[in-house]
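Data first, discussion second: the structure below is written as structure tokens.
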Amino acid sequence: MSYPDGFAVMEDLKRDMAILATSGREWAERTRRLAARVADLDIFSQGLVERISGGWQITSKGRTALEFMEGRPAAPEPISALSVEQTSVTSPAPVPALRQPADRAKRRRERRGRRREARERARANAS
């Protein structure tokens, strides 16, 4: 793991994502395989990471989810989501989906709006 304590500042995360985005087909395929293991994954609302003083830290629940995703699939079909209490690192098995907040779509729209506003401000400042 690149960050043994599970904490990374935003600049490091951006740099790592830029590297991964240009790493070619192999990385993209690996990412798709991992994502197929857990449908409806939302690392923020499911408490898999938390924001701490200018960066992000993976939680113990997040570590369990990551270990599950990287493990060998028990079944060929995708699993709907993770339940940390029921997930075993050595033998992943299908588990019920985690509860999703009712206002998830609203929060997603708000995030998109904030990102759009930030891009517009950045363009205005660059001029």
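In my numbering, the protein residues as written are 137 to 263. Glycine is no exception: its CB is placed at the ideal position from the N, C-alpha and C atoms.
- Spatial neighbours of Pro140 in its own chain (CB-CB distance under 7 Å, excluding positions within 5 residues in sequence) are not present.
- The three-state secondary structure of Gly191, taken from DSSP, is strand.
- Its chain contains Gly191 and Trp192 as the residues whose beta carbon lies nearer than 7 Å to that of Ala144, once the 5 sequence neighbours on both sides are disregarded; these appear in chain order.
- DSSP lists Gln193 as the beta-bridge partner residues of Phe143.
- 7 Å or more divides the Cβ of Gly207 from the Cβ of Lys197.
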